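Colleague: Sharing a structure, written as structure tokens. Questions coming.
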Amino acid sequence: MLTQVIRPSRHTIHFTTTLSVESLLSTSSRLPKFSPAPSQSHSKRPCTLSHRSFHVSSQQLTGSDPQQRAFFTYSSSDTRRHLISEGRTTTHKDDQPTTSSSPSASPFFLETGYSIFAKRPSRAFPPPFVSLPSGSFSDPLTTHNNPVRGRRPSYNGEPIRGITNGDDAILIGDQNFLAVNDGVGAWAQKERGHAALWSRLIAHFWAVEIEKSLSSTDSDANSNGVKLEDLDPIKCLQTAYEETKLATKGRAEGLAVADAVASGAFDDPKQKTSDLSPSTTSSKKSKSKSKDNDKDNEKDPFDILGTTTASSALLYHKPNPSPPPPDPVPVILATSLGDCKVLIVRPSTKSVIYRSTEQWHWFDCPRQLGTNSPDTPLTNGVTEIVDVQVNDMVAVLSDGVTDNLWEHEISDILCQGVELWEGDGEGEEKADANKDGIVYVARKLMNAAREIATDPNAESPYMERAFDEGIAAEGGKLDDISVVLGIVRKRKSPRSENDKAD
Numbered sequence: 001m002l003t004q005v006i007r008p009s010r011h012t013i014h015f016t017t018t019l020s021v022e023s024l025l026s027t028s029s030r031l032p033k034f035s036p037a038p039s040q041s042h043s044k045r046p047c048t049l050s051h052r053s054f055h056v057s058s059q060q061l062t063g064s065d066p067q068q069r070a071f072f073t074y075s076s077s078d079t080r081r082h083l084i085s086e087g088r089t090t091t092h093k094d095d096q097p098t099t100s101s102s103p104s105a106s107p108f109f110l111e112t113g114y115s116i117f118a119k120r121p122s123r124a125f126p127p128p129f130v131s132l133p134s135g136s137f138s139d140p141l142t143t144h145n146n147p148v149r150g151r152r153p154s155y156n157g158e159p160i161r162g163i164t165n166g167d168d169a170i171l172i173g174d175q176n177f178l179a180v181n182d183g184v185g186a187w188a189q190k191e192r193g194h195a196a197l198w199s200r201l202i203a204h205f206w207a208v209e210i211e212k213s214l215s216s217t218d219s220d221a222n223s224n225g226v227k228l229e230d231l232d233p234i235k236c237l238q239t240a241y242e243e244t245k246l247a248t249k250g251r252a253e254g255l256a257v258a259d260a261v262a263s264g265a266f267d268d269p270k271q272k273t274s275d276l277s278p279s280t281t282s283s284k285k286s287k288s289k290s291k292d293n294d295k296d297n298e299k300d301p302f303d304i305l306g307t308t309t310a311s312s313a314l315l316y317h318k319p320n321p322s323p324p325p326p327d328p329v330p331v332i333l334a335t336s337l338g339d340c341k342v343l344i345v346r347p348s349t350k351s352v353i354y355r356s357t358e359q360w361h362w363f364d365c366p367r368q369l370g371t372n373s374p375d376t377p378l379t380n381g382v383t384e385i386v387d388v389q390v391n392d393m394v395a396v397l398s399d400g401v402t403d404n405l406w407e408h409e410i411s412d413i414l415c416q417g418v419e420l421w422e423g424d425g426e427g428e429e430k431a432d433a434n435k436d437g438i439v440y441v442a443r444k445l446m447n448a449a450r451e452i453a454t455d456p457n458a459e460s461p462y463m464e465r466a467f468d469e470g471i472a473a474e475g476g477k478l479d480d481i482s483v484v485l486g487i488v489r490k491r492k493s494p495r496s497e498n499d500k501a502d
């Protein structure tokens, strides 16, 4: 018999448990051997469908490839600082609505903010999603004078909405829509893998479809706008999923060019493109087929591979069931597929009034949309409608937060941040809270999760779940951390651009 000693955690006490050798052997036969890289980086597993079961190579999960291990290990405090970003919205001033009709007027809006941390830089987006530098001497050597719109990733001439955070993507749309998609990092070890592109595109198309569904195109629509029962975030996500599959089909040729540009080894884009002609690429793929062991190379040799989880919160309203007064009631449509989390916290009572349910195939393999995954929004997505109040806080979080902080810690940090921001007080931290508002609250939560994620001796929910599966894990889980927050506010007037909370 083997004795496994578990230290007391930050929220509860565990007693010593005894595991038999047989149980450990049965566990190891069911799960890949756990051998984290020195940086404590654990990537979620992509699903590969084969004979109605999932298979993942141990090299993908354990970081046994020396080059890959070195890639994950490379980091410094200076590099980490550059991988932190925050703001109030991901919407750019140049972004234009996709519909000619304006969205239905809503008496409520979300005061939003985000704070994100990437465990490593994202892989460069390939063409045609970005424009490559010119190899001609007659063209400018730099593009720093170009407008931001020209430098942003785009698809079919339209900027791709949202922000990429490592393999994650976050999006804040029109003061009513929050989304966090968590791309599965193990795809980074695939030659054609690009989880960050998958997560970003799905977030983009999802926001576009939500915007369309909120646009009142019916001339007979009443003054209350679109009915609540007509909103279907899962249907919108299904459309976004289909659009992403089309957008990534046949695009893998540009990945090598994008990697060359990112590494500074780019010479002549025309030569690079010709080097990646279908015949040449097929030859290269056939040579590396045994190493990659990817069955889809034969079927779709030019598709970009990737999977992502998806979660969002959409603020809307419904009629008050018991007038007077006939004021509408704000509601949140919380949608999830996978292990990202939607939490709704009520700071006035310091309580969690809603939590989404994580979806898993097995430990560390969540439900996900994309290459080889059997999951789809229509079959696996879940939307729940939650009545909320003004000043309630909605948090859409990647598992980089929930794998490192327990729910009560998340709730406490959010409530304490709001209390300091909106309450009385003095000092430097109070000044930061007053200046940054909800961004300050998001920053506090991100930093708390990052502190645990980078501590190899910390206790974490991820460590506990690993122990439950018989896997010897310790410390936090180094992962992309995405925090997107929104506080429900009431408008002074419908569709006012400079709303303040009443």
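Just so you know, my numbering puts 248 at position 248 of the sequence shown, and the rest follows in order with no gaps. Just so it is clear, CB atoms sit at the ideal spot from N, CA and C, and this is done for glycine as well. These numbers come from a predicted model, not from an experiment.
Going along the chain, which residues of its own chain have a beta-carbon closer than 7 Å to the beta-carbon of M463, five neighbours each way excluded?
Modeller: Within the same chain, A473, E474 and G475 come within 7 Å of M463 by CB-CB distance, once the 5 residues on both sides are set aside.
Colleague: Output the distance between the C-alpha atoms of Q175 and T91, rounded to the nearest integer angstrom.
Modeller: If you draw a straight line from the Cα of Q175 to the Cα of T91, it is about 10 Å long.
Colleague: Measuring only the C-alpha atoms, how far is A503 from N457?
Modeller: This structure cannot settle anything about residue 503, because the visible part of the chain is limited to 1 through 502.
Colleague: Give the DSSP-derived three-state secondary structure of W406 in the structure shown.
Modeller: In the structure shown, W406 adopts coil according to DSSP, grouped into three states.
Colleague: How many angstroms separate the CA atom of I511 from the CA atom of G400?
Modeller: The chain is shown only over 1 to 502; residue 511 falls outside these bounds and no answer can be derived.
Colleague: Roughly how many whole angstroms lie between the Cα atoms of G417 and K444?
Modeller: Their Cα atoms are separated by approximately 7 Å.
Colleague: V352 and S411 look like a contact to me (Cβ under 8 Å); what is the Cβ gap, rounded to whole Å?
Modeller: Distance from V352 to S411 at the Cβ level is roughly 5 Å; contact confirmed, criterion being Cβ atoms closer than 8 Å.
Colleague: Measuring straight from C-alpha to C-alpha, what distance separates T376 and N181?
Modeller: 14 Å
Colleague: So what does N181 bridge to, in DSSP terms?
Modeller: A169
Colleague: From T431 to V396, what does the alpha carbon distance come to, in whole angstroms?
Modeller: Sequence check: residue 431 is Ala here, not Thr. Each residue's Cα considered, the two are about 26 Å apart.
Colleague: Go to E384, then tell me how far its alpha helix (DSSP H) extends in each direction, as first and last residue.
Modeller: Run containing E384: none in the alpha helix (DSSP H); it sits in the beta strand (DSSP E), V382 to D387.
Colleague: Pull up the DSSP beta-bridge partners for A334, would you.
Modeller: The partner list for A334 (beta bridge, DSSP) reads A313 and E384.
Colleague: Using only alpha-carbon positions, find the residue among L110, Y155 and K119 that is nearest to P126.
Modeller: Of all alpha-carbon atoms in L110, Y155 and K119, the one lying nearest the alpha-carbon of P126 is that of Y155.
Colleague: Expressed to the nearest angstrom, what Euclidean distance is found between the alpha-carbon atoms of N391 and E243?
Modeller: 35 Å
Colleague: Going by DSSP in three states, S482 sits in which element: helix, strand or coil?
Modeller: strand
Colleague: Three or more C-beta pairs under 8 Å: does that hold for the stretch 417-426 against the stretch 364-376?
Modeller: Verdict: no, contact absent.
Colleague: Quick check: what's the CA-CA separation for A544 versus G173?
Modeller: As shown, the chain starts at 1 and ends at 502. That puts residue 544 outside it, with no answer to give.
Colleague: Consult DSSP for K341 and reduce its assignment to one of helix, strand or coil.
Modeller: strand
Colleague: According to the neighbour-count rule (16 or more other Cβ atoms, all chains shown, within 10 Å of its Cβ), is H408 buried or exposed?
Modeller: H408 comes out exposed.
Colleague: Whole angstroms is fine: what's the gap from S336's alpha carbon to V342's?
Modeller: 8 Å
Colleague: For R491, which residues in the same chain have their Cβ closer than 7 Å to its Cβ, ignoring the five residues on either side in sequence?
Modeller: P107, F108, F109 and D499
Colleague: Express the C-alpha separation of N404 and C415 in angstroms, rounding to a whole number.
Modeller: 18 Å
Colleague: According to DSSP, simplified to helix, strand and coil, what is F205?
Modeller: helix
Colleague: For the beta strand (DSSP E) containing F467, list its first residue and its last residue.
Modeller: Run containing F467: none in the beta strand (DSSP E); it sits in the alpha helix (DSSP H), P461 to D468.
Colleague: Looking at the unbroken alpha helix (DSSP H) that takes in L445, where does it start and where does it end?
Modeller: I438 to A453
Colleague: Buried or exposed for D479, going by 16 or more other Cβ atoms inside 10 Å?
Modeller: buried
Colleague: Nearest CA to the CA of L333: which residue from I210, K249 and W198?
Modeller: I210
Colleague: Given this structure, state the Cα-to-Cα distance separating E111 from L420, to the nearest angstrom.
Modeller: 17 Å
Colleague: Tell whether a beta-carbon distance below 8 Å holds between L369 and T308.
Modeller: yes
Colleague: Measure the C-alpha to C-alpha separation of Y354 and R450 and round it to an integer number of angstroms.
Modeller: Here the alpha carbon of Y354 sits roughly 24 Å from the alpha carbon of R450.
Colleague: Would you mind working out which of D455, V484, P301 and G157 sits nearest R192, comparing C-alpha positions?
Modeller: P301
Colleague: Could you give the C-beta distance for V483 and I116, rounded to a whole number, given that I count them as a contact under 8 Å?
Modeller: 7 Å
Colleague: Could you give the C-beta distance for V556 and L214, rounded to a whole number, given that I count them as a contact under 8 Å?
Modeller: Not covered by the structure: residue 556. The range shown for the chain is 1 to 502.
Colleague: Is the separation between the beta-carbon of G250 and that of H204 shorter than 8 Å?
Modeller: no
Colleague: Does the beta carbon of R367 fall short of 7 Å from some heavy atom of the ligand COA?
Modeller: Ligands displayed in this structure: none; no statement on the ligand COA is therefore possible.
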